[in-house]
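Chains as they are written, first to last, in my numbering: chain H, 396 to 559; chain F, 549 to 738.
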Amino acid sequence: MLDILIERFNYIPIIILMMTGLYVIIATGNLVKRLVGLSLFQTSVFLLYITIGKVFGGQPPILVDSGHGEDAGHGAETAAHGAETAAGYGADAAHYAADTAHYAAEAVYSNPLPHVLILTAIVVGVATLAVGLALVVRIRESYGTIEDDALNAADYSLETGSSE
Amino acid sequence: MMDNDLTQYLDYALIAMLLAVGFAIVRLRNLFAVVMLTGVYSLLSAAWFVSLDAVDVAFTEAAVGAGISTVLMLGAMLLTARESEPAGQKRHWAALAVVAAAGAALFFAIPDMPVYGDPNSPANAYVGMDYMDRTPNEIGVPNVVTAVLASYRGYDTFGETVVIFTAALGVMLLLGFGTGRREDEEEDEA
């Protein structure tokens with residue numbers, strides 16, 4: 396059981412952070428702070444997705460060889476070939492060629508797909524945040540408060556016609 | 549694997565700071581401090597994104613999450629209130645109950661999740677790596693994230709710009725720009 400958790404240690408703090416955001420959303424009556432809680436939760440979800448896409452020993456999904464995959468494969472082969480032939484002449488050159496061949500052939504990348512999804516989500520998130528804050532500003536103009544208890548009381552007295 | 553070890557400790561430090569900032573946001577009632585800590589939180593998560601190989605996400609998060617969001621929230625805070633009222637006791641316990649239940653459910657789901665860093669997990673093995681293989685031949689852009697974002701999922705990105713446009717329109721209508729009611733700095737998101 397402990398092994399399972401240790402292998403997946405990344406989820407534990409992320410769940411705690413998510414729950415922190417959820418707590419802020421529910422427990423606070425202040426509308427601005429509630430939106431802060433929402434963005435806490437959101438950022439934690441981003442972290443969840445990105446940690447799933449991480450590959451051990453990986454590097455950012457930017458191809459090491461500029462552009463052409465076939466060339467990269469080719470380059471790796473010729474470099475490996477070069478490593479063999481050059482071994483007799485210079486240890487340095489051989490070493491270098493072997494290194495580059497190794498690098499091009501063995502390059503491990505993290506999964507780019509979660510990155511793309513989260514890039515979109517970040518931008519959409521700030522758009523919704525902007526609309527939410529604009530609503531809060533309008534509520535403040537109309538009611539003079541952004542605490543939801545006071546808003547409920549104001550609505551109640553409006554509906555019943557009683558002035559508290 | 550000395551490298552791996554070092555970044556691992558960096559990750560732990562960043563996680564600890566994220567947790568500390570999250571709890572501070574819960575405790576604080578001064579909205580200015582809360583908003584600034586949200587910016588710090590975004591920046592810390594951007595740092596963790598770099599360590600998780602998501603460099604594109606990291607700079608978007610740093611620019612949009614830590615930059616523009618913070619500015620928007622500061623503007624809204626200046627137009628509304630500086631302090632938040634303390635939460636009622638009843639509400640505190642209700643929130644705690646919901647959070648405990650949801651958190652327990654999520655913890656229960658952890659064993660079903662892919663192992664951290666596993667290259668063969670279902671999440672990493674199929675379509676993402678397919679993009680890695682195809683991009684050099686089909687798109688020819690070294691940055692695969694850019695290739696997927698702008699080409700394979702171009703319609704998605706187009707939809708995203710529609711969302712931003714709609715949001716900007718909504719903000720302008722809500723705040724009444726051009727009717728001489730009030731001038732704000734809210735509509736300029738990326």
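Glycine is no exception: its CB is placed at the ideal position from the N, C-alpha and C atoms. Because the structure is a prediction, the values reported are computed rather than measured.
The criterion of a C-beta distance shorter than 9 angstroms is satisfied by residue 664 of chain F and residue 406 of chain H. For the pair residue 716 of chain F and residue 525 of chain H, the CB atoms are nearer than the 9 angstroms cut-off.
The bridge partners DSSP lists for residue 504 of chain H are H:454.
For residue 438 of chain H, the closest of F:713, F:641, F:563, F:719 by C-alpha to C-alpha distance is F:563.
Among the residues of the stretch 440-455 of chain H, those with a Cβ less than 8 angstroms away from any Cβ of chain F are 441, 442, 445, 446, 447, 448, 449, 450, 451, 452, 453, 454, 455, in the order of the chain. Interface criterion met: the Cβ of residue 643 of chain F is under 9 angstroms from a Cβ in chain H. Per DSSP, the unbroken alpha helix (DSSP H) holding residue 447 of chain H starts and ends at 426-448. The alpha-carbon of residue 565 of chain F is positioned some 8 angstroms away from that of residue 592 of chain F. Of the candidates F:557, F:620, F:595, F:620 places its Cα closest to the Cα of residue 427 of chain H.
Among the bridge pairs identified by DSSP, residue 631 of chain F is matched with F:578. For residue 693 of chain F, the nearest CB of chain H lies under 9 angstroms from its own CB, placing it at the interface with that chain. Under DSSP, residue 542 of chain H takes part in a beta bridge, and its partners are H:425. Look at residue 668 of chain F here: in three-state DSSP terms it is coil, with no helix or strand label. With a threshold of 16 other beta carbon atoms within 10 Å, residue 555 of chain F falls short and is exposed. Between the C-alpha atoms of residue 710 of chain F and residue 535 of chain H there is a straight-line separation of about 28 angstroms.
Secondary structure at residue 691 of chain F: strand, using DSSP grouped into helix, strand and coil. In this structure, residue 567 of chain F sits away from residue 576 of chain F, with a CB-CB distance that is not shorter than 9 angstroms.
Close partners of residue 405 of chain H in chain F (Cβ separation under 7 angstroms): 664. Under a criterion of Cβ atoms nearer than 8 angstroms, no residue of chain H is adjacent to residue 610 of chain F; the nearest Cβ is some 10 angstroms distant. Here residue 578 of chain F is exposed, its C-beta having fewer than 16 other C-beta atoms within 10 Å.
By the criterion of at least three beta-carbon pairs nearer than 8 angstroms, the stretch 666-682 of chain F is not in contact with the stretch 406-416 of chain H. No residue range can be given for residue 674 of chain F, since it is assigned to no alpha helix (DSSP H) and is classified by DSSP as neither H nor E.
The DSSP-derived three-state label of residue 602 of chain F is coil. In the displayed model, residue 405 of chain H falls within coil according to three-state DSSP, outside both helix and strand. Close partners of residue 557 of chain F in chain H (Cβ separation under 8 angstroms) are lacking, with about 13 angstroms as the shortest Cβ gap.
Residue H:421 holds the alpha-carbon nearest to the alpha-carbon of residue 650 of chain F among H:399, H:421, H:530.
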